Amino acid sequence: MSFWDQAVEIARVDLQVERRIGDVLRIILPFAVVALLVFPLALGIDLAAITRIGPAVFWAIGVLFGMQVALRQAADDRPERRDLYALLGVDPAARFVGRSMSGSLLMLGFLLALMVATLLLYSPRLPEGWPIPAAAAILLTSIGLTELGTLAGEVTAGLRNRTALASLIVAPLAIPLVLGGAQTLESLARDTGILPWLLLLFATDLALAVAGVGLARPIEEASR
Amino acid sequence: MRTTRILMVIAAISLGAGLYLTFTSPTDRLQGEFTRIVNIHAPSMWVAFLAFGVTALASIMWLIFKRTAWDRLAEASVETGVIFTATGLFTGMVWGQAVWGRAWDWADPRMASTAVMFFVYIGYLALRKAIPDPIMRARRSAILGAIAVIQVPLVYFSVNLFRSLHQTQSIRPDGATMPDAMVVALLVNFVAFTLLYVALTAARIQVAKAEEERAAETVPAGDAVTTPMLSEVEDV
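Here the protein sequences line up with chains A and B, keeping their order. For the first sequence, the positions run 1 to 224 when this note's numbering is used. For the second sequence, the positions run 1001 to 1236 when this note's numbering is used.
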């Protein structure tokens, strides 16, 4: 089996497990929508303020709950599963790539659903021609956040306080992604050019991909 | 041990010289006496960047050579770096309150990115604390230490990349933007803080070695209890 065949197979199995468990669709997404509802309630009935903070709330909730998507139960490999991968001769780098592929797809779906909820609940004022830049920013953020979550998940695998610890590691490191995502629409509204922000997102994704693939073997050893 | 003590003495002497120059250098026309805080703030941040750079290097070296010494260096350097980052943040906030009129200004991306960097390494220390097995701890923290350093250039260049209240670098290749006496005081403090970093890191490495030796000598509680044999029990 080639490297890419292994990666695609791992991604396929991951998605299948997720379809059965349904962590993202049944638990994380509804919880994130509840969080979207909490902000206006805490702020008071100030329609102008609610409209203005909509995109910012989307990115904040998206990244915070996105971590839960990246660290979902289906992505937590038990030692037996890791042993099986090792016995089957699966390339650790292919495992990272496959895991990132399936996670990115789920993250993209999660963020798109959250965006629809934000549009309905907050009616934010968006600049003309926003859908394509927003889609690009969400896609790149999804990839970066998943790569970061996968790395943090591996580093904290099997630890008692895994979820809290991995979130502490991911949250600060995800700041370039939040900045890039949020500033893309801001720059579009101010007409100051979105390219630097998309490049920041792309560079972060690339750096994380290089780190993930380059450190795949030590990560494999570390998570045992 | 003796080397660490000598390093401590040298660091203390240079810190004394740095402090003397800080209080005898000229006062800034606009910032007044508060400009002296910069002599602690800037060297603290420099040492923090240095410490996290050393951590990344030590982490990569551990991943290649798997020698405990690199793990000890990475741990010691992070702990020292976190202390200096906290000092840099605190002194920056005191200076900001005095000069900008507010301790925390969101118009300064350097402040926010430094706080983010601080929490990345708090996460690193939390990860170390969560793993009891020394080999697994060294492995996992080496991976995080190698990745976390991505933040450092972003923090350093944030004043050049974004519109910011924070001033850009004062000492540049084309010359300094302040009087010579101020430059001398700042440079002496940079050297003093660097020596202090080296001394503290060396001392922390000594503590880590002592902790490892103690752990090796300690008998786990369970080992003191032996299972009773049926033949040794009389009243069955």
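Backbone N, C-alpha and C define an ideal beta-carbon position, used for all residues, glycine too. Quick caveat: nothing in here was measured; it's all calculated off a predicted structure.
When the cut-off is 9 angstroms and only beta carbons count, does residue i lie next to chain A?
i	result
B:L1127	yes
B:Y1124	yes
B:I1131	yes
B:M1061	no
B:M1111	no
B:A1181	no
B:F1119	yes
B:Q1151	yes
B:A1058	no
B:I1006	no
B:A1051	no
Compute the distance between the beta-carbons of residue i and residue j, then report whether it is under 9 angstroms.
i	j	result
A:P55	A:A171	no
A:Q6	A:A94	yes
B:V1155	B:Y1121	no
B:A1103	B:M1117	no
A:A11	A:M101	yes
A:P92	A:R217	yes
A:A209	A:E147	yes
B:A1074	B:A1058	yes
A:V37	A:A113	For the sequence presented, residue 37 of chain A should be read as Leu rather than Val. Contact: no.
A:V57	A:T118	yes
A:A42	A:G62	no
B:L1021	B:V1188	yes
B:T1201	B:T1080	yes
B:P1134	B:E1212	yes
A:L139	A:L177	no
B:I1205	B:A1011	no
Give the range of the alpha helix (DSSP H) segment to which residue i is assigned.
i	result
A:V97	92-122
B:S1044	1038-1065
A:A222	216-222
B:E1033	Neither: B:E1033 is in no alpha helix (DSSP H) and is coded neither H nor E.
A:R12	3-21
B:A1069	1068-1099
A:P40	29-43
A:V63	47-70
B:M1117	1109-1130
B:G1018	1002-1024
B:G1145	1134-1148
A:P79	79-87
B:T1194	1180-1217
Tell me, please, whether the CB atom of residue i is closer than 9 angstroms to any CB atom in chain B?
i	result
A:R249	Residue 249 of chain A is absent from the structure shown; chain A starts at 1 and stops at 224.
A:R190	no
A:T156	yes
A:A7	no
A:R160	yes
A:I27	no
A:A171	yes
A:R168	First, the residue type needs correcting, since residue 168 of chain A is Leu and not Arg in the sequence shown. Cβ-Cβ to chain B under 9 angstroms: yes for A:L168.
A:I53	no
A:I194	no
A:E221	yes
A:I175	yes
A:L208	yes
A:P79	no
To the nearest whole angstrom, what separates the beta carbons of residue i and residue j, a pair I think is in contact under 8 angstroms?
i	j	result
B:R1128	A:E221	Contact doesn't hold; Cβ gap of about 17 angstroms is too wide.
A:A70	A:M107	7 angstroms
B:V1047	B:F1193	5 angstroms
A:L188	A:P131	With a Cβ gap of about 11 angstroms, A:L188 and A:P131 do not count as contacting.
A:V24	A:R78	That belief does not hold up - the Cβ atoms of A:V24 and A:R78 are roughly 20 angstroms apart, past 8 angstroms.
B:A1126	A:L165	6 angstroms
B:G1018	B:N1039	7 angstroms
B:P1089	B:A1115	The sequence given here places Leu at residue 1089 of chain B; Pro does not occur at that position. Between B:A1115 and B:L1089 the Cβ distance is about 6 angstroms, and since that is below 8 angstroms, they are a contact.
B:R1072	B:A1216	Actually they are not in contact, since the Cβ atoms of B:R1072 and B:A1216 sit about 14 angstroms apart, beyond 8 angstroms.
B:L1144	A:I169	7 angstroms
B:T1091	B:S1044	7 angstroms
A:G98	A:D14	7 angstroms
B:A1051	B:L1186	That pair is no contact at about 19 angstroms.
B:F1146	B:I1060	Note that residue 1146 of chain B corresponds to Ala in the displayed sequence, not to Phe. That belief holds up - the Cβ atoms of B:A1146 and B:I1060 are roughly 5 angstroms apart, short of 8 angstroms.
Indicate, with yes or no, if the ligand SAH has a heavy atom lying under 8 angstroms from the CB of residue i.
i	result
A:S167	Here there are no bound small molecules, and the ligand SAH is not part of this structure.
Inset, instruction - Within the region 113-182 of chain A, note down every full alpha helix (DSSP H) run reaching 4 residues or more, in order along the chain. - result: 131-155, 162-173
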